[in-house]
């Protein structure tokens, strides 16, 4: 598994965890009638901060772990070119980003539809951040699919 | 010449063998890509850029045409 592939797995796991947390909190808010602007915007902040923090810590941890596993297996340091992002990685990343943009755009359209259907603005904001998380996950899954099946 | 789908094939595995069983890691290091990219190219899952194709040929000590060839699926043309 290349460095970029590993980072994609880390990103996927991180965003799945964050999406799970986000859905749980929104469900709790709706159940307990605490679905207010203050709580929703606080959740926005927590979700964005958590996504960044978990991804960074996960990426560093995975890199250290894989270097240790490689060293134990081969009794050598990993070669430098294994830490390179080459043209194939860049192409797959771009294709994944394109898919993520499409999903994100669909999320924006659905959020706008919520407005049309007389839903409060908070529903639109919740749909926006939710679709952003789903878009990242779909993009990562597509990247992993491309790594397996070829470009 | 048809405009149908075609595929780029290669002799990298054979040429590595003729270069004293050069490993995929060694070739990746000389070309400047990851080992996974060399594997993907060998398996026909990724068609490299012209620059990487030339670098592979250079690392294997042969001309570009000896490493890669193009085959059109529509007409079975080889070039």
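Protein chains in written order, with the working numbering: chain P, 1 to 151; chain D, 1001 to 1079.
For each residue, glycine too, the CB sits at the ideal point set by N, CA and C.
Determine the extent of the beta strand (DSSP E) in which residue 130 of chain P is found, giving its start and end residues. By 1-based counting over the first chain, the position of residue 130 of chain P is 130. Unbroken run through residue 130 of chain P is the alpha helix (DSSP H), 121–149; no beta strand (DSSP E).
Decide if the region 1–11 of chain P is in contact with the region 131–143 of chain P; the criterion is three or more beta carbon pairs, one per stretch, under 8 Å apart. yes
Give me the Cα-Cα distance between residue 122 of chain P and residue 102 of chain P, rounded to the nearest whole angstrom. For the purposes of this step, residue 122 of chain P is taken as the residue at position 122 of the first chain. For the purposes of this step, residue 102 of chain P is taken as the residue at position 102 of the first chain. Those two C-alpha atoms are separated by around 23 Å.
Would you call residue 111 of chain P buried or exposed, if buried means 16 or more other Cβ atoms sit within 10 Å of its Cβ? Looking up residue 111 of chain P in the first chain gives position 111. Buried: at least 16 other Cβ atoms inside 10 Å.
Chain D within 8 Å of residue 153 of chain P, Cβ atoms only: Residue 153 of chain P falls outside the range modelled here, since chain P spans only 1 to 151, and no answer is possible.
Other residues of its chain near residue 1035 of chain D: CB distance less than 8 Å, five sequence neighbours each side excluded: Counted from its first residue, the second chain places residue 1035 of chain D at position 35. Excluding positions up to five away in sequence, the list reads 1024, 1025 and 1028.
Find the nearest neighbour of residue 3 of chain P within the set P:74, P:81 and P:114, judged by alpha-carbon distance. Counting from one through the first chain, the residue named residue 3 of chain P turns up at place 3. Ranking the options by Cα distance to residue 3 of chain P, first place goes to P:81.
Using a 10 Å radius around the Cβ and a threshold of 16 neighbouring Cβ atoms, would you call residue 96 of chain P buried or exposed? Taking the first residue of the first chain as 1, we reach residue 96 of chain P at position 96. Under this definition residue 96 of chain P is a buried residue.
Anticipated Cβ contact below 8 Å, residue 1019 of chain D with residue 1064 of chain D, distance rounded: By one-based count along the second chain, residue 1019 of chain D stands at place 19. By one-based count along the second chain, residue 1064 of chain D stands at place 64. At roughly 16 Å, the Cβ-Cβ gap does not stay under 8 Å, so residue 1019 of chain D and residue 1064 of chain D are not in contact.
Members of the region 1022–1046 of chain D that neighbour chain P once the beta carbon cut-off is set at 8 Å: 1025, 1028, 1029, 1032, 1033, 1034, 1035, 1036, 1037, 1040, 1043, 1044, 1045 and 1046
Quick one, which of D:1005, D:1053 and D:1037 has its alpha-carbon nearest residue 1068 of chain D's? Mapped onto the second chain, residue 1068 of chain D falls at position 68. Minimum Cα distance to residue 1068 of chain D is reached at D:1053.
Residues in its own chain within less than 8 Å of residue 1015 of chain D by CB, not counting five upstream and five downstream? Your numbering for residue 1015 of chain D matches position 15 in the second chain. Closer than 8 Å at the Cβ level, and outside the excluded window around residue 1015 of chain D, lie 1060, 1062, 1066 and 1067.
Could you check which residue in D:1044, D:1055 and D:1071 has the C-alpha nearest to that of residue 158 of chain P? Not covered by the structure: residue 158 of chain P. The range shown for chain P is 1 to 151.
To which residues of the same chain is residue 1001 of chain D closer than 6 Å at the C-beta, ignoring the five residues directly before and after it? Position 1 of the second chain holds residue 1001 of chain D. Confidence at residue 1001 of chain D is low in this model, with a pLDDT of 46, below 50, so the placement of that residue should be treated as unreliable; the coordinate-derived value is given next. Taken in chain order, the list of residues that qualify is empty.
Could you name the residues of the same chain whose beta carbon sits closer than 6 Å to that of residue 1005 of chain D, not counting the 5 residues immediately before and after it, in chain order? As a position in the second chain, residue 1005 of chain D is number 5, starting the count at 1. Cβ within range, chain order: 1073.
Tell me which residues of the region 58–89 of chain P have at least one Cβ-Cβ distance to chain D shorter than 7 Å, keeping chain order. 79, 81, 82, 84, 86, 87 and 88
Below 8 Å on the Cβ atoms is my guess for residue 78 of chain P versus residue 67 of chain P; work out the distance and round it to an integer in Å. Numbered from 1 along the first chain, position 78 holds the residue referred to as residue 78 of chain P. Numbered from 1 along the first chain, position 67 holds the residue referred to as residue 67 of chain P. The Cβ separation is near 6 Å, so the contact holds.
Pairs of beta-carbons, one from the region 53–71 of chain P and one from the region 23–41 of chain P, closer than 8 Å: are there three or more? no
For a contact meaning CB atoms closer than 9 Å, what does residue 14 of chain P contact in chain D? Reading the first chain from its first residue, position 14 is the one you call residue 14 of chain P. What residue 14 of chain P touches in chain D: nothing, since even the nearest Cβ is about 22 Å away.
Would you say residue 131 of chain P lies against chain D (beta-carbon separation less than 8 Å)? Walking along the first chain from the start, residue 131 of chain P turns up at place 131. Judged by the 8 Å Cβ criterion, residue 131 of chain P is not in contact with chain D.
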